[in-house]
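Shown next, in structure tokens, is the structure this report addresses.
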Amino acid sequence: MNAEAEQSGPMKFADLNLKPELLAGLKEIGYTELTPIQQQTFAYILSGRDMIAMAETGSGKTAACGVPLVQNVDPALREIQVLVLVPTRELALQYVREIASIARKTEIAAFAVYGGYSMDIQKSKLAHGVHILVATPGRLIDMLYNTPLRLSEVRTFVLDEADEMLNMGFIDDVEFVISCLVHEHQTLLFSATMPPEIKRLAARHLKDPVTIELNLSQVAPQSLEHQFQLVKGHQRFEALVDYLREDEVKQAIIFCNSRRNVEKLNDQLRKEFKSVESIHGGLEQSRRTSLFNRFRKMDIRLMVATDVASRGLDFSHVTHVINYDFPTHAEAYTHRTGRTARMGRKGFAMTFLTSGNLRELKHILKVNHVEPVWRGQPPDFDRSSGRSAPQQGRSARKGPPRRRRRGPSRAT
Ligand code: ADP
Ligand code: MG
């Protein structure tokens, strides 16, 4: 299927023998060609094979599952036939929105259950018949214990963002959910990275899986420019303000490592800019959902966020992802910066760092195969490693750092 696809150019949904109502829905939402991950996985998913798939963020993994699974679901059987586990509520909402969008002209009902929302309402919706259920592990288990929810007709189990499930400590919950799937079923495992625990999980539960690895040498999207600026701690806020003023920031997510930092930066930024909001795991679910919706509609330009708000979310307008706090690990860098430059659009990742972050930075550059573009003076990696410093990127386009003299920074 691969070689074929390469020879004949991008595959089109119209050539796939899809149910007419599915094809009509895809047409309505403007999907005509399959993305590379969709091309590579379609035939396998349709045929019921187990699969391990690794692909860069924003590559269209949701529809890669959504299209063949909607094709396979039997609308007449009003039972859960596809179960999708995702690590966060926001991802659940986003996943189900994409599936519902794909299935808009079919009789197939997709629904999401997640914590922080009335279980009774979710329960009554489920009683009306749901074909594709998207769930976070905690709420699903709650419902398995406390409601008539049954998984006996599940034919396909999708584990999305498996590595994040692991990071969030959900692996035992995932194992429990899998243990509830007693009938023969297909398992599709999606993960950006493959830590040993995920490999073991796959080895235990997947039967003769096909492994699809896309662009692994280039974990980060290619249309993403990785900018870095070395700052002194007390100059960081000023540097951020300068950056936001100078660069053409249409919409940005600005990451901090804690709720407290998010709130602090939010307060500071509001004094300088309009259209600033903040989001973190401590907010009520309804508030988070409304913030996400406003951000998606471009009502909010600058969103200050913790990592909770980052994973897997698809905001197509985001032009800039800014690491105000240096990410705590290399994977966080990948996932944060994966919020922009989606589907081949141009995007910018800007990371502020202090000299104390240089060691971690080297690791991040290596793991993510990132070619850094330095704003201002590139750091001297030599001192610590004996290796040459990364070369100054092509678009140190703002020239040397502005050596503006200002009073004491407002940042501290
Ligand atoms: P991933 O899970 O790989 O990070 P998503 O599934 O969230 O990526 O998809 C990223 C974006 O691409 C979404 O906005 C989705 O609507 C869009 N998309 C997916 N497949 C197609 C397609 N075949 N044509 C056009 N847009 C697509
Ligand atoms: Mg995804």
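Here numbering that gives the first Met the number 0 is used: position 412 in the sequence shown is 411, and no number is missing along the way.
No residue lacks a Cβ here, since even glycine has one placed at the ideal position from N, Cα and C.
Alpha-carbon spacing of residue i relative to residue j, whole angstroms
{"i": "M142", "j": "D119", "result": "10 Å"}
{"i": "A102", "j": "V69", "result": "7 Å"}
{"i": "S100", "j": "H316", "result": "19 Å"}
{"i": "T288", "j": "S222", "result": "29 Å"}
{"i": "S190", "j": "E163", "result": "8 Å"}
{"i": "V83", "j": "R295", "result": "23 Å"}
{"i": "E152", "j": "A63", "result": "22 Å"}
{"i": "H182", "j": "R203", "result": "16 Å"}
{"i": "G114", "j": "S257", "result": "21 Å"}
{"i": "E78", "j": "L22", "result": "23 Å"}
{"i": "Y116", "j": "Q185", "result": "29 Å"}
{"i": "V85", "j": "D172", "result": "12 Å"}
{"i": "A134", "j": "S46", "result": "24 Å"}
{"i": "V372", "j": "I177", "result": "44 Å"}
{"i": "P195", "j": "F272", "result": "44 Å"}
{"i": "P67", "j": "I44", "result": "6 Å"}
{"i": "H368", "j": "F325", "result": "18 Å"}
{"i": "K206", "j": "T105", "result": "30 Å"}
Classification of residue i by the beta-carbon crowding that lies within 10 angstroms, buried from 16 upward
{"i": "H130", "result": "buried"}
{"i": "L76", "result": "exposed"}
{"i": "I28", "result": "exposed"}
{"i": "P19", "result": "exposed"}
{"i": "M297", "result": "exposed"}
{"i": "G24", "result": "buried"}
{"i": "K425", "result": "There is simply no residue 425 to check, as the chain begins at 0 and stops at 411 in what is shown."}
{"i": "R286", "result": "exposed"}
{"i": "P208", "result": "buried"}
Contact test: residue i Cβ vs ligand 2 heavy atom, cutoff 7 Å
{"i": "T61", "result": "yes"}
{"i": "D159", "result": "yes"}
beta-carbon residue i near ligand 1 non-hydrogen atom, thresh 7 Å
{"i": "S190", "result": "no"}
{"i": "Y332", "result": "no"}
{"i": "L92", "result": "no"}
{"i": "S315", "result": "yes"}
{"i": "S222", "result": "no"}
{"i": "Y242", "result": "no"}
{"i": "Q37", "result": "yes"}
{"i": "E27", "result": "no"}
{"i": "E32", "result": "yes"}
{"i": "S58", "result": "yes"}
{"i": "E424", "result": "Nothing can be reported for residue 424, as the shown portion of the chain is limited to 0 through 411."}
Bridge partners - residue i, DSSP secondary structure assignment
{"i": "S277", "result": "V303"}
{"i": "K11", "result": "E32"}
{"i": "V133", "result": "V83, A111"}
{"i": "N322", "result": "F254, T350"}
{"i": "L158", "result": "L84, L188"}
{"i": "I211", "result": "A52"}
Closer than 8 Å to chain C by CB, residue i
{"i": "I131", "result": "No chain C appears in the structure shown, which is made up of a single protein chain."}
Could you tell me which whole alpha helix (DSSP H) segments of length 4 or greater appear in the region 15-94? 19-27, 35-46, 60-71
Just to confirm the assignment: which complete beta strand (DSSP E) runs, minimum length 3, are found wholly within the region 345-369? 346-352
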